[in-house]
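**Q** Residue numbers (this note's numbering), protein chains in the order written: chain X, 163 to 336; chain W, 2 to 146.
C-beta: ideal position from N, C-alpha, C; glycine also.
Note that the coordinates shown come from a computational prediction; the quantities given were computed from them, not determined experimentally.
Got a structure for you, written out below as structure tokens; questions coming shortly.
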Amino acid sequence: MKRFLLPLAVFILLVGFLAVGLKLNPREVPSPLVGRAAPSFDLPLLHQPDKRFAPADMRGKVWLLNVWASWCVSCRDEHPILMALAKRGVMPILGLNYKDKGDEATAWLKQFGNPYELSVVDADGRIGIDYGVYGVPETYLIDPEGVIRYKQIGPVTAAILEQKILPLALVLKE
Amino acid sequence: MRVFIFAALILLSFPGKGNENAQRIRLLEEKLRCLVCQNQSLADSNAELAGDLRREVREQVSAGRSDEQIADYLVQRYGDFVLYEPPFKASTALLWIGPFVLLAAASLVLVATLRRRRRAPEEPALAAEEKRLVERVLGRDESAR
Numbered sequence: 163m164k165r166f167l168l169p170l171a172v173f174i175l176l177v178g179f180l181a182v183g184l185k186l187n188p189r190e191v192p193s194p195l196v197g198r199a200a201p202s203f204d205l206p207l208l209h210q211p212d213k214r215f216a217p218a219d220m221r222g223k224v225w226l227l228n229v230w231a232s233w234c235v236s237c238r239d240e241h242p243i244l245m246a247l248a249k250r251g252v253m254p255i256l257g258l259n260y261k262d263k264g265d266e267a268t269a270w271l272k273q274f275g276n277p278y279e280l281s282v283v284d285a286d287g288r289i290g291i292d293y294g295v296y297g298v299p300e301t302y303l304i305d306p307e308g309v310i311r312y313k314q315i316g317p318v319t320a321a322i323l324e325q326k327i328l329p330l331a332l333v334l335k336e
Numbered sequence: 002m003r004v005f006i007f008a009a010l011i012l013l014s015f016p017g018k019g020n021e022n023a024q025r026i027r028l029l030e031e032k033l034r035c036l037v038c039q040n041q042s043l044a045d046s047n048a049e050l051a052g053d054l055r056r057e058v059r060e061q062v063s064a065g066r067s068d069e070q071i072a073d074y075l076v077q078r079y080g081d082f083v084l085y086e087p088p089f090k091a092s093t094a095l096l097w098i099g100p101f102v103l104l105a106a107a108s109l110v111l112v113a114t115l116r117r118r119r120r121a122p123e124e125p126a127l128a129a130e131e132k133r134l135v136e137r138v139l140g141r142d143e144s145a146r
């Protein structure tokens with residue numbers, strides 16, 4: 163009987179590892195950008211192409227940078243949550259319109275509503291690469307010093323907003 | 002004509018500068034993982050992001066940056082995950098050492114088992130009763146005669 167104890171223990175350990183592994187989401191790769199300064203850029207605005215925006219303009223504020231596109235299906239799932247958040251006016255939401263066509267992007271915002279204070283245009287996706295974007299939508303919480311404090315890969319859900327983003331934003335505001 | 006083709010082939014087989022770069026780009030793209038289809042390299046993936054990252058790699062190679070600089074550039078943005086061969090550090094130590102630890106443990110168990118088997122007597126000695134039985138069957142039992 164005793165000789166089976168060790169293999170049994172090894173087996174249980176292995177099952178434990180596999181069970182934890184099954185629950186992990188392989189698409190969520192921890193971003194090395196969290197805790198580092200948000201990469202700077204200088205991009206034209208979606209609605210006023212002659213004007214430009216840089217993240218430094220938001221110094222002193224806690225804000226969200228949301229990467230979106232009109233071709234992105236899960237952005238539609240996320241959209242009502244961003245609209246509600248914008249209405250509550252907790253913090254400014256800025257959009258990074260990623261690899262999109264200008265007219266399609268503006269039409270999309272007209273159809274579904276515009277939660278963004280402004281959207282900047284990253285037509286060829288280079289700024290997306292600087293932000294480590296690989297699955298639109300992605301959302302970054304940026305603190306008054308311009309440091310990324312949280313990154314959401316995939317749509318922001320109500321649960322993530324209430325449990326992670328808003329509490330962190332409140333702490334950062336103080 | 003034959004001579005001409007032969008000469009052309011020889012000329013082509015010499016790696017020129019562009020050729021060398023193309024090969025470097027290819028090797029580099031095979032070492033980097035596409036984040037969209039995670040089990041494909043940048044070289045293999047058809048995802049749009051992989052195309053963008055290949056463009057980035059090509060541009061940086063022609064700008065004269067080294068393989069390490071380009072890999073660092075991507076690691077800074079996407080993490081060690083983009084490398085198929087992760088660097089050795091505290092968080093990856095188990096990954097690198099684990100197989101050798103398992104191999105050593107398994108070897109120890111194997112050696113211990115083999116030794117125990119060798120030391121154990123092949124067959125247990127016959128008990129007195131069994132011995133008598135065997136001898137009777139073999140017809141050597143003195144008392145039976």
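Does the stretch 266-273 of chain X come into contact with the stretch 305-318 of chain X, if we say contact requires no fewer than three beta-carbon pairs (one atom in each stretch) closer than 8 Å?
**A** Short answer: they don't touch.
**Q** For the alpha helix (DSSP H) that threonine 301 of chain X lies in, which residues bound it at each end?
**A** Where threonine 301 of chain X is concerned, there is no enclosing alpha helix (DSSP H), although the beta strand (DSSP E) it sits in stretches over 300-304.
**Q** Consult DSSP for proline 242 of chain X and reduce its assignment to one of helix, strand or coil.
**A** It is helical.
**Q** For asparagine 22 of chain W, which of helix, strand or coil comes out of DSSP?
**A** Here asparagine 22 of chain W sits in helix by DSSP.
**Q** Which whole runs of the beta strand (DSSP E) in the stretch 255-295 of chain X are 3 residues long or more, in chain order?
**A** Entirely contained in the stretch 255-295 of chain X, the beta strand (DSSP E) runs reaching 3 residues are, in chain order, 255-260 and 280-284.
**Q** Return the chain-ordered ranges of every beta strand (DSSP E) run that is complete within the stretch 302-333 of chain X and spans a minimum of 3 residues.
**A** Segments of the beta strand (DSSP E) lying fully in the stretch 302-333 of chain X: 310-315.
**Q** Give the residues of chain W in contact with isoleucine 304 of chain X, contact being defined as C-beta atoms less than 9 Å apart.
**A** Residues of chain W passing the Cβ test: none, with the nearest at roughly 16 Å.
**Q** If you follow the alpha helix (DSSP H) that valine 62 of chain W is part of, which residue opens it and which one closes it?
**A** Taken as a continuous stretch (DSSP letters only), the alpha helix (DSSP H) holding valine 62 of chain W covers 49-63.
**Q** Tell me the residue span of the beta strand (DSSP E) that contains tryptophan 230 of chain X.
**A** Tryptophan 230 of chain X -> beta strand (DSSP E) spans 225-230.
**Q** Whose C-alpha, out of X:Ala320, X:Ile174 and X:Glu266, is nearest the C-alpha of leucine 208 of chain X?
**A** Minimum Cα distance to leucine 208 of chain X is reached at X:Glu266.
**Q** Which residues does DSSP pair with proline 206 of chain X in a beta bridge?
**A** DSSP, once it has assigned bridges, lists X:Arg214 as partnering proline 206 of chain X.
**Q** Taking the straight line between their C-alpha atoms, what separation do you get for phenylalanine 203 of chain X and arginine 59 of chain W?
**A** For phenylalanine 203 of chain X and arginine 59 of chain W, the distance between alpha carbons rounds to 22 Å.
**Q** Which bits of chain X does valine 85 of chain W rub up against, with CB to CB less than 7 Å?
**A** Here residue 85 of chain W turns out to be tyrosine, not valine, going by the sequence shown. Under the 7 Å cutoff, chain X gives no residues; its nearest Cβ is about 14 Å from tyrosine 85 of chain W.
**Q** What's the call for threonine 301 of chain X, buried or exposed, on a 16-neighbour Cβ count within 10 Å?
**A** Per the 10 Å Cβ criterion, buried.
**Q** Is arginine 34 of chain W helix, strand or coil by DSSP?
**A** Strand, per DSSP.
**Q** Taking the alpha-carbon of valine 298 of chain X as reference, which of X:Ile327, X:Tyr260 and X:Lys335 has the nearest alpha-carbon?
**A** Ranking X:Ile327, X:Tyr260 and X:Lys335 by Cα distance to valine 298 of chain X puts X:Tyr260 first.
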